[in-house]
Amino acid sequence: MIDLHGRRALVTGGSRGIGAATARLLARAGADVVVGYRSRVADADSVVRELRDMGVKAAALAADVSTPDGAEFLVSSTVNLLGGLDLFVGNSGVWPVKDVSLTEMADAQWSSTIRENVDSIFYTTRAVARVITSGGRIVLISSTAGQRGEAYHADYGASKGAVISFTKSLAVELGARDVTVNSVAPGWVDTEMVAEAMAHAGRAKVDASIPIGRIASAEDIAGPVVFLCSSLARHITGEILNVNGGSVLCG
Numbered sequence: 011m012i013d014l015h016g017r018r019a020l021v022t023g024g025s026r027g028i029g030a031a032t033a034r035l036l037a038r039a040g041a042d043v044v045v046g047y048r049s050r051v052a053d054a055d056s057v058v059r060e061l062r063d064m065g066v067k068a069a070a071l072a073a074d075v076s077t078p079d080g081a082e083f084l085v086s087s088t089v090n091l092l093g094g095l096d097l098f099v100g101n102s103g104v105w106p107v108k109d110v111s112l113t114e115m116a117d118a119q120w121s122s123t124i125r126e127n128v129d130s131i132f133y134t135t136r137a138v139a140r141v142i143t144s145g146g147r148i149v150l151i152s153s154t155a156g157q158r159g160e161a162y163h164a165d166y167g168a169s170k171g172a173v174i175s176f177t178k179s180l181a182v183e184l185g186a187r188d189v190t191v192n193s194v195a196p197g198w199v200d201t202e203m204v205a206e207a208m209a210h211a212g213r214a215k216v217d218a219s220i221p222i223g224r225i226a227s228a229e230d231i232a233g234p235v236v237f238l239c240s241s242l243a244r245h246i247t248g249e250i251l252n253v254n255g256g257s258v259l260c261g
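Taking our numbering, the leading residue of the sequence shown gets 11, the next gets one more, and so forth.
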């Protein structure tokens with residue numbers, strides 16, 4: 011039912027986890043896809059081979075999108091490769107695994123988290139906004155931590171709260187160009203990024219804390235992202251779509 015043939019997409023953080031799952035699902039729906047990544051070249055190339063096997067145009071591009079030059083390079087190169095840009099999924103980011111109280115948090119950790127989770131979204135989305143077509147879709151990945159906060163991860167919670175406010179601001183700003191801007195806010199997701207924390211917390215304990223009884227897979231997040239990229243969601247903008255199994259009911 012979701013048909014993205016003829017649509018051209020860029021996914022940042024696309025070499026693994028949510029980004030890779032989203033790239034695969036976009037391609038399955040028919041979109042051409044550029045996979046943005048920083049350093050995991052083998053993983054990014056593997057994803058691209060999968061996408062090409064689905065019959066779409068696909069490429070992997072390395073860039074540090076936490077810098078203005080890196081973000082501009084990635085977006086302009088995507089436009090050159092695909093001939094334009096219709097869909098953007100801003101998925102790059104980090105989650106510092108270790109619990110750190112505010113009083114003990116180093117300046118370097120705060121700065122790093124904001125750079126990777128906020129600056130990267132700002133720089134890439136700014137570049138995208140300059141070139142995205144009318145009828146385009148922007149989907150930014152936030153988190154439940156940006157909605158309710160997260161003790162001992164104040165840097166992460168603040169960064170994802172910024173993504174949520176950024177989403178709402180841009181939805182109004184870009185609406186006149188028929189570009190929608192939405193965010194997907196996952197809770198726990200079974201990816202490499204949280205594997206260490208999962209080992210410490212205990213998978214069974216985490217699963218039990220979620221009303222539907224399990225944490226999300228990367229594919230569970232990719233589905234709602236692709237929905238928001240489709241014509242089915244053409245009248246949805248400025249929305250924060252919660253995908254957390256009922257663990258955070260914030261409306």
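Beta carbons are placed, not taken as given, at the ideal position from N, Cα and C, and that holds for glycine.
Please read these numbers as outputs of a predicted model, since none were measured by experiment.
Among the options, which one has its Cα closest to the Cα of residue i?
{"i": "Ser87", "options": "Val44, Val191, Lys108 and Glu126", "result": "Val44"}
{"i": "Val21", "options": "Ala30, Asp13 and Leu14", "result": "Ala30"}
{"i": "Gly93", "options": "Ser175, Cys260 and Gly16", "result": "Gly16"}
{"i": "Glu202", "options": "Gly256, Arg244 and Val104", "result": "Val104"}
{"i": "Ile12", "options": "Leu36, Val128 and Ala19", "result": "Leu36"}
{"i": "Thr1", "options": "Phe98, Leu184 and Ile142", "result": "Outside the shown range of the chain (11 to 261) lies residue 1, about which nothing can therefore be said."}
{"i": "Pro106", "options": "Gly23, Arg34 and Asp165", "result": "Asp165"}
{"i": "Ala72", "options": "Val85, Ile225, Tyr47 and Gln157", "result": "Tyr47"}
{"i": "Gly167", "options": "Gly156, Val173, Ile174 and Gly146", "result": "Gly156"}
{"i": "Ile231", "options": "Leu95, Ala19, Ile28 and Arg18", "result": "Ile28"}
{"i": "Gly23", "options": "Leu61, Phe176, Ala70 and Ser153", "result": "Ala70"}
{"i": "Tyr133", "options": "Arg213, Val173 and Ala226", "result": "Val173"}
{"i": "Ser102", "options": "Val75, Glu160, Leu84 and Asn90", "result": "Val75"}
{"i": "His163", "options": "Thr177, Asn192 and Lys108", "result": "Lys108"}
{"i": "Val85", "options": "Val128, Ser219, Leu180 and Arg140", "result": "Arg140"}
{"i": "Cys260", "options": "Gly159, Ser227, Ala214 and Leu180", "result": "Gly159"}
{"i": "Leu238", "options": "Asp188, Ala228, Ser227 and Asn192", "result": "Asn192"}
{"i": "Ser240", "options": "Gly145, Lys67 and Val66", "result": "Gly145"}
Would you tell me roughly how many angstroms separate the C-alpha atoms of residue i and residue j, rounded to the nearest one?
{"i": "Gly248", "j": "Ile148", "result": "10 Å"}
{"i": "Asp63", "j": "Ser111", "result": "47 Å"}
{"i": "Asp79", "j": "Ala118", "result": "22 Å"}
{"i": "Ser49", "j": "Ala81", "result": "15 Å"}
{"i": "Ala39", "j": "Thr123", "result": "33 Å"}
{"i": "Thr190", "j": "Val58", "result": "26 Å"}
{"i": "Thr135", "j": "Glu114", "result": "32 Å"}
{"i": "Ser175", "j": "Val199", "result": "22 Å"}
{"i": "Gly223", "j": "Thr154", "result": "17 Å"}
{"i": "Asp96", "j": "Ala19", "result": "6 Å"}
{"i": "Phe125", "j": "Gly171", "result": "As written in the sequence, residue 125 is Arg, which differs from the Phe given in the question. If I take the Cα positions, the gap works out to 14 Å."}
{"i": "Ala137", "j": "Thr77", "result": "12 Å"}
{"i": "Ser121", "j": "Thr177", "result": "21 Å"}
{"i": "Ile225", "j": "Ala161", "result": "20 Å"}
{"i": "Ala218", "j": "Ile246", "result": "32 Å"}
{"i": "Arg244", "j": "Leu251", "result": "14 Å"}
Can you tell me whether residue i is helix, strand or coil according to DSSP?
{"i": "Thr190", "result": "strand"}
{"i": "Leu36", "result": "helix"}
{"i": "Gly46", "result": "strand"}
{"i": "Asn254", "result": "coil"}
{"i": "Pro78", "result": "helix"}
{"i": "Ser52", "result": "A small correction: the amino acid at residue 52 is Ala; Ser does not occupy that position in the sequence shown. Of the three classes helix, strand and coil, the one that applies to Ala52 here is helix, per DSSP."}
{"i": "Ala41", "result": "coil"}
{"i": "Pro221", "result": "coil"}
{"i": "Leu20", "result": "strand"}
{"i": "Val199", "result": "strand"}
{"i": "Ala226", "result": "strand"}
{"i": "Ala70", "result": "strand"}
{"i": "Gly29", "result": "helix"}
{"i": "Asp13", "result": "coil"}
{"i": "Glu249", "result": "coil"}
{"i": "Ser240", "result": "coil"}
{"i": "Leu84", "result": "helix"}
{"i": "Gly185", "result": "helix"}
{"i": "Gly167", "result": "helix"}
{"i": "Gly65", "result": "coil"}
Suppose contacts are defined by Cβ-Cβ distances below 8 Å. Is residue i in contact with residue j by that definition?
{"i": "Val216", "j": "Ile151", "result": "no"}
{"i": "Pro196", "j": "Val258", "result": "no"}
{"i": "Asp53", "j": "Arg26", "result": "yes"}
{"i": "Gly100", "j": "Ile131", "result": "yes"}
{"i": "Leu14", "j": "Arg34", "result": "no"}
{"i": "Gly6", "j": "Ile220", "result": "Absent from the structure is residue 6, since the part of the chain shown begins at 11 and ends at 261."}
{"i": "Val128", "j": "Ser169", "result": "yes"}
Next item on the list: Taking only runs that begin and end inside the stretch 92-165, name each unbroken alpha helix (DSSP H) of 4 or more residues, in chain order.
Entry: List check, alpha helix (DSSP H) in window: 117-124, 130-141 and 155-158.
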